[in-house]
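In my numbering, the protein residues as written are 1 to 112.
See the structure below:
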């Protein structure tokens with residue numbers, strides 16, 4: 001990570017969905033040899049902080065995890081939880097199932 005490309009914001013990746021139509025947790029889906037979550041995590045590498053937000057922390061998750069504050073299952077709860085924990089004025093909230101998003105996209109948005 002190049003220090004001049006640091007994004008002064010927090011990135012939060014939501015993994016709390018039911019994935020009923022998908023059939024299994026979307027964040028575990030693999031593209032090549034990477035999980036969708038790993039691809040999202042790497043895309044957010046330039047953020048000053050990044051965390052995964054969800055209802056329950058998976059035992060095999062190797063990333064900082066924040067448990068949803070409320071018992072209701074909805075993306076708005078992930079937003080609420082992220083805003084409760086953030087130390088930044090700017091925050092990015094992402095679904096875990098956006099594997100084609102890259103760090104360049106976030107750099108372009110941040111700079112413009």
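Each residue gets a CB set at the ideal place from its N, CA and C atoms; glycine is no exception. Remember, predicted model here, so these are calculated numbers, not experimental data.
Nearest-angstrom Cβ-Cβ length linking residue i and residue j, presumed shorter than 8 Å
i: residue 16; j: residue 68; result: 6 Å
i: residue 65; j: residue 57; result: 4 Å
Which residues DSSP lists as bridging residue i, in chain order
i: residue 50; result: 11
i: residue 65; result: 52
i: residue 4; result: The partner list for residue 4 (beta bridge, DSSP) is empty, contrary to what the question assumes.
Identity of the residue in the options nearest residue i by Cα
i: residue 106; options: 35, 13, 43; result: 43
i: residue 77; options: 109, 9, 35, 14; result: 14
i: residue 48; options: 10, 60, 59; result: 10
i: residue 95; options: 8, 63, 36; result: 36
Burial state of residue i, where buried means 16 or more other Cβ atoms lie within 10 Å
i: residue 27; result: buried
i: residue 100; result: exposed
i: residue 31; result: exposed
### Query
Is the region 51-62 touching the region 73-88, taking contact as three or more C-beta pairs under 8 Å?
With a cut-off of 8 Å, the region 73-88 and the region 51-62 count as touching, because enough Cβ pairs lie within range.
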